[in-house]
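K.L.:
Mind looking over this structure? Questions follow.
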Amino acid sequence: MNCIENLIATLRHVTRNVKRWRAGDMIHRWAGLGLLRAAARFRRIKYHHELPHLVRALRPDTSTEVAA
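Using the working numbering, the first residue of the sequence shown is number 999, and each one after it goes up by one.
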């Protein structure tokens, strides 16, 4: 199960017993609770502090000039 499916399943689990969806504020509260519960189950990426280095390494090198 990927992280998006995990998030959706957690939201469904948290909101399954809601009988009446009243005002928009209450909907935001239930959704917020579901997101907090799902976030608690996410795995932390190891070496996340090195992700900017990976992004720079994957970008194409634009410093070289093409001879015409």
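Built from N, CA and C at the ideal position, the CB exists for glycine as well.
Keep in mind that this is a model prediction, so the values were computed, not measured.
1) Would you mind reading off the limits of the alpha helix (DSSP H) that contains N1015?
2) Taking a contact to mean a Cβ-Cβ separation below 9 Å, would you say V1053 touches L1031 in this structure?
3) Could you pull out every residue in the same chain whose Cβ sits closer than 7 Å to the Cβ of K1044, ignoring the five residues on either side in sequence?
4) Could you compute how far the alpha carbon of R1018 sits from the alpha carbon of H1046?
P.N.:
Put simply:
1) In the sequence shown, residue 1015 corresponds to position 17, counting from 1. Neither: N1015 is in no alpha helix (DSSP H) and is coded neither H nor E.
2) Sequence index remark: in the sequence shown, residue 1053 carries index 55 (1-based). Sequence index remark: in the sequence shown, residue 1031 carries index 33 (1-based). The answer is no: Cβ separation not under 9 Å.
3) Counting from one through the sequence shown, the residue named residue 1044 turns up at place 46. Answer for K1044: no residue qualifies.
4) By one-based count along the sequence shown, residue 1018 stands at place 20. By one-based count along the sequence shown, residue 1046 stands at place 48. Straight-line measurement puts the Cα of H1046 at about 41 Å from the Cα of R1018.
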